[in-house]
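A.B. asks: Before anything else, here's the structure in question.
In the UniProt record's numbering, the protein residues as written are 1 to 773.
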């Protein structure tokens, strides 16, 4: 299929203007910048012979001697090369003993890569490289603790941790799915990284009290079985160094130079440990990019970079501003997106490459259409021999956004690797009760589905099912749920709710799956989720609604409940078969991941999907922005955390865009959660005219309680677009149904004689429609 049908040179709303391209950087390297008379010329000549050519700011960072250094490393600017080459410089030019150097990073993979590259440096012998400490934070401080006699085994097997937490919840009489184990561990970790002891966890709400009780037993089990986790490693090390000044002095005297990679990802505890070791010599080099601080939920704080000179007034700041990854158009788009953040270090990246493909944009109607267009393009590129599947990465803001693409890849048997939980939408704990109501509408004797909906009736699963089975043995019923009316101690209000639920289940059979799900949600489920503190504690409210809305979007494709449930069974089976080989290396597979997972990676071709308002920026951040606007309008003071949330969303967009080496495709679906979705403000703000128009529209928007009636100029320009138009009638008065949808010319639906209307399910026919330009 011809990709020109799908991709445009500008996002919708940016007219014909182009985003400013990044300037092309000077081609000068150490060959021209380090003269033969320089005392360190021999070192740079050896690097050049090994294929390492450093630019001016990189050379300055490598040559840095004593004192603190903040190295601002823009996306794709070669920060790892600078760390490696400075290490070699200290060893072979300054004559520093390898045992005096400490390099800290965040992933085992990054630490292994550092050690390997240092070993390959000219002038560095293998013995020196072996004595060098290049480790992750956890690895280094575990090494330190082992030397102090701390012998507890590391409790790191995720599956075993989850089993233990579920067992503890059962012992406390909590439902088996009261709190996802990963959420409990994340909550515990966030507090430990802020130096809060498990005994001091908050307990302001019933949910916090329950979680604290579970984690107290979890911590007690670890203590009884001589186990510690990786967070404990840092906490124990911090307390030991705080209480034992002699041990701290030993570390300070051992490590004369400390270097930290990915500094923007450090949390308060990690930063405190680094500062302690680097004091009093303060030979601390940190490398990071405040524009890529996207892990605030893990305690990472951009203030550490923004306020570095406040702690170290004598610090030198060097900016690595040449991007070696992408062409000028992609680098320019990244620059134009991120420059709108207020709290950041001012920097504008240049491109080392003189040319490259410009970003291309899509405006599909829905996520399913988005998936079709992307997959068609990828398959065409692979079939034409221009690309392999491994060249492609599909990035998204939230896991719920991958539903459509994941299903299509499974149905078409296209190889992919999911770097997330590997779970389908239909397998999520939030979605399962809704689907089980649909299953009961088809078979009221589905005991498995019956058990799963009992919590939504505020009934204990085990007690409820035990009573149902006991009563069934005496007198079987077509709908066994009715036995619960005779449950001892049944309260009147619960009995009333049960009768309402039985009526709902009985009457759902003739509904479409979308109608049935909307009834479930409106009659009780949204309210149930809203009031359930446990679920509110594990996921943001907007995330919960988003997943349910995505379920509706999926259901809207099917006319009957059996067809929808059959599809779910089929796609789940295919997913089970696919996930059997497990994760591991990408191989020749398309990479699917959240933007958070993609940081630090790069790919030949990147598809950023869901670049629409409500998705990126996420609705949770937009809700905060709306609250801020309302507060400003009433004379209040805006809350800094609300602006900070939106700035982090913009950093996510920046990280996604800068992962692309050769080609970047950005898709902005016109519908999200059943409503119209504008193109992401982050994209439009990159185009000066579009940004100015948006600002003017906002400034001129009337502040009134009622919306003004819209008027259309008699001279407004229109154009004709291909559409599907409904042929049916709406209501008893025989009026024509107003339903219509945009038709993708040259698309997969062209061969269809008709398709069902999303409003009334009547046949729709192909035609055209005049719309404003």
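The beta carbon of each residue, even a glycine, is placed where N, CA and C say it ideally should be.
If you count every other CB in all the chains shown that lies within 10 Å of the CB of residue 271, and 16 or more means buried, which is it?
C.D. replies: Numbered from 1 along the chain shown, position 271 holds the residue referred to as residue 271. Answer is buried; the Cβ neighbour count reaches 16.
A.B. asks: With a cut-off of 8 angstroms on the beta carbons, I'd call residue 370 and residue 667 a contact; round off their distance for me.
C.D. replies: Here residue 370 refers to the residue found at position 370 when the chain shown is read from its first residue. Here residue 667 refers to the residue found at position 667 when the chain shown is read from its first residue. Right, the Cβ-Cβ distance comes to about 5 angstroms (below 8 angstroms), so this counts as a contact.
A.B. asks: Distance, Cα to Cα, residue 467 vs residue 480?
C.D. replies: Start at 1 with the first residue of the chain shown, and residue 467 comes out as number 467. Start at 1 with the first residue of the chain shown, and residue 480 comes out as number 480. Looking at the two C-alpha atoms, the distance is approximately 10 angstroms.
A.B. asks: What is the rounded straight-line gap between the Cα of residue 278 and the Cα of residue 391?
C.D. replies: Reading the chain shown from its first residue, position 278 is the one you call residue 278. Reading the chain shown from its first residue, position 391 is the one you call residue 391. When rounded, the distance between both Cα atoms is 42 angstroms.
A.B. asks: If you draw a straight line from the alpha carbon of residue 671 to that of residue 214, how long is it in whole angstroms?
C.D. replies: Position 671 of the chain shown, counted from the start, is the residue given in the question as residue 671. Position 214 of the chain shown, counted from the start, is the residue given in the question as residue 214. Their backbone Cα atoms lie some 41 angstroms apart in a straight line.
A.B. asks: Tell me, please, which residues DSSP counts as bridged to residue 448.
C.D. replies: For the purposes of this step, residue 448 is taken as the residue at position 448 of the chain shown. Residue 448 pairs with nothing; no bridge assigned.
A.B. asks: Can you tell me which of the three DSSP states residue 23 falls into?
C.D. replies: Numbered from 1 along the chain shown, position 23 holds the residue referred to as residue 23. Coil at residue 23, not helix or strand.
A.B. asks: Taking one C-beta from the stretch 309-322 and one from the stretch 95-102 each time, how about it: are there three or more such pairs within less than 8 angstroms?
C.D. replies: With the cut-off at 8 angstroms, the stretch 309-322 and the stretch 95-102 do not touch.
A.B. asks: Taking buried to mean at least 16 other C-beta atoms within 10 Å of its own C-beta, is residue 658 buried or exposed?
C.D. replies: Locating residue 658 in the chain shown gives position 658, counting from the first residue. Buried.
A.B. asks: Locate the alpha helix (DSSP H) running through residue 216, then write down its first and last residues.
C.D. replies: One-based indexing of the chain shown puts residue 216 at position 216. Segment 206-224, the alpha helix (DSSP H) holding residue 216.
A.B. asks: If you run the structure through DSSP and keep just helix, strand and coil, what is residue 288?
C.D. replies: Within the chain shown, the letter at position 288 stands for residue 288. Correct three-state label for residue 288: strand.
A.B. asks: Pull the bridge partners of residue 614 from the DSSP assignment, please.
C.D. replies: For the purposes of this step, residue 614 is taken as the residue at position 614 of the chain shown. Partner(s): 618.
A.B. asks: In or out: residue 19 buried (at least 16 other Cβ within 10 Å) or exposed?
C.D. replies: What you label residue 19 is simply residue 19 of the chain shown in a count that begins at 1. With 16 or more Cβ atoms within 10 Å of its Cβ, residue 19 is classed as buried.
A.B. asks: In terms of residues, what are the limits of the alpha helix (DSSP H) holding residue 459?
C.D. replies: One-based indexing of the chain shown puts residue 459 at position 459. Note, residue 459: premise wrong, no alpha helix (DSSP H); not H, not E.
A.B. asks: Spell out the partners DSSP gives residue 413 in its beta bridges.
C.D. replies: Stepping through the chain shown from its first residue, residue 413 is reached at position 413. Answer by DSSP bridge pairing: none, since residue 413 is not bridged.
A.B. asks: Is residue 570 buried or exposed, if buried means 16 or more other CB atoms sit within 10 Å of its CB?
C.D. replies: Translated into the one-based positions of the chain shown, residue 570 becomes position 570. It is exposed - the Cβ of residue 570 has fewer than 16 other Cβ atoms within 10 Å.
A.B. asks: Roughly how many whole angstroms lie between the Cα atoms of residue 192 and residue 228?
C.D. replies: The sequence position of residue 192 within the chain shown is 192, counting from 1. The sequence position of residue 228 within the chain shown is 228, counting from 1. Roughly 13 angstroms between the two C-alpha positions.
A.B. asks: Closest by CA to residue 32, which one among 55, 46, 12 and 43?
C.D. replies: Numbered from 1 along the chain shown, position 32 holds the residue referred to as residue 32. The residue with the shortest Cα to Cα distance from residue 32 is 55.
A.B. asks: Taking only runs of the alpha helix (DSSP H) that begin and end inside the UniProt region "Disordered" (343-366), which ones reach a length of at least 4 residues, in chain order?
C.D. replies: Counting only runs of 4 or more residues that sit fully inside the UniProt region "Disordered" (343-366), no alpha helix (DSSP H) segment turns up.
A.B. asks: Which full runs of the beta strand (DSSP E) of 3+ residues lie inside the stretch 371-435, going along the chain?
C.D. replies: 392-396 and 416-418
A.B. asks: Would residue 327 and residue 355 qualify as a contact pair, given that the criterion is a beta-carbon distance under 9 angstroms?
C.D. replies: For the purposes of this step, residue 327 is taken as residue 327 along the chain shown, with counting starting at 1. For the purposes of this step, residue 355 is taken as residue 355 along the chain shown, with counting starting at 1. Residue 327 places its beta carbon less than 9 angstroms from that of residue 355.
A.B. asks: Taking 9 angstroms as the threshold (C-beta atoms), are residue 236 and residue 145 in contact?
C.D. replies: Here residue 145 refers to the residue found at position 145 when the chain shown is read from its first residue. Here residue 236 refers to the residue found at position 236 when the chain shown is read from its first residue. Result yes, Cβ atoms of residue 145 and residue 236 sit closer than 9 angstroms.
A.B. asks: Using the Cα positions of residue 456 and residue 573, report the straight-line distance between them to the nearest angstrom.
C.D. replies: For this step, residue 456 is matched to residue 456 along the chain shown. For this step, residue 573 is matched to residue 573 along the chain shown. About 27 angstroms.
A.B. asks: For residue 709, name the three-state secondary structure that DSSP assigns.
C.D. replies: The count along the chain shown starts at 1 and reaches residue 709 at position 709. Here residue 709 scores only 32 on pLDDT, less than 50, and its place in the model is too uncertain to base an answer on.
A.B. asks: How many angstroms separate the CA atom of residue 269 from the CA atom of residue 53?
C.D. replies: Here residue 269 refers to the residue found at position 269 when the chain shown is read from its first residue. Here residue 53 refers to the residue found at position 53 when the chain shown is read from its first residue. Distance between the alpha carbons of residue 269 and residue 53 is about 36 angstroms.
A.B. asks: Assign residue 11 to buried or exposed, taking buried as 16 or more other Cβ atoms, counted over all protein chains shown, within 10 Å of its Cβ.
C.D. replies: Taking the first residue of the chain shown as 1, we reach residue 11 at position 11. Flag for residue 11 reads buried.
A.B. asks: Tell whether a beta-carbon distance below 9 angstroms holds between residue 363 and residue 122.
C.D. replies: Here residue 363 corresponds to residue number 363 of the chain shown, with the count starting at 1. Here residue 122 corresponds to residue number 122 of the chain shown, with the count starting at 1. No, Cβ-Cβ distance for residue 363 and residue 122 is not below 9 angstroms.
A.B. asks: To the nearest angstrom, how far is the alpha carbon of residue 231 from that of residue 238?
C.D. replies: Your numbering for residue 231 matches position 231 in the chain shown. Your numbering for residue 238 matches position 238 in the chain shown. Taking the straight line joining both Cα atoms gives about 11 angstroms.
A.B. asks: Just mark residue 212 as buried or exposed, buried being the case when its beta carbon has 16 or more other beta carbons within 10 Å.
C.D. replies: Here residue 212 is taken as the residue at index 212 of the chain shown, counted from 1. So residue 212 ends up on the buried side.
A.B. asks: Within 10 angstroms of the Cβ of residue 291, are there 16 or more other Cβ atoms? Answer buried if so, exposed if not.
C.D. replies: In the chain shown, the residue the question calls residue 291 occupies position 291. Buried, by the Cβ-count rule.
A.B. asks: Who are the Cβ neighbours of residue 767 in its own chain at under 7 angstroms, not counting the five residues just before and after it?
C.D. replies: Working through the chain shown from its first residue, we reach residue 767 at position 767. Within the same chain, residue 767 has close Cβ partners 723 and 725.
A.B. asks: Is residue 267 buried or exposed, if buried means 16 or more other CB atoms sit within 10 Å of its CB?
C.D. replies: In the chain shown, counting from the first residue as 1, residue 267 sits at position 267. Residue 267 comes out buried.
A.B. asks: Give a yes or no on whether the C-beta atoms belonging to residue 554 and residue 351 are separated by under 9 angstroms.
C.D. replies: Reading the chain shown from its first residue, position 554 is the one you call residue 554. Reading the chain shown from its first residue, position 351 is the one you call residue 351. No, the pair does not count as a contact, with Cβ atoms beyond the cut-off.
A.B. asks: Name the two residues that bound the continuous alpha helix (DSSP H) containing residue 243.
C.D. replies: By one-based count along the chain shown, residue 243 stands at place 243. In this chain, the alpha helix (DSSP H) harbouring residue 243 covers 230-243.
A.B. asks: Span of the beta strand (DSSP E) holding residue 130?
C.D. replies: What you label residue 130 is simply residue 130 of the chain shown in a count that begins at 1. Not the beta strand (DSSP E): residue 130 falls in the alpha helix (DSSP H), residues 126-131.
A.B. asks: Alpha carbons only, please: which of 94, 454, 153 and 299 is nearest the one belonging to residue 196?
C.D. replies: Counting from one through the chain shown, the residue named residue 196 turns up at place 196. For residue 196, the nearest C-alpha among the options comes from 299.
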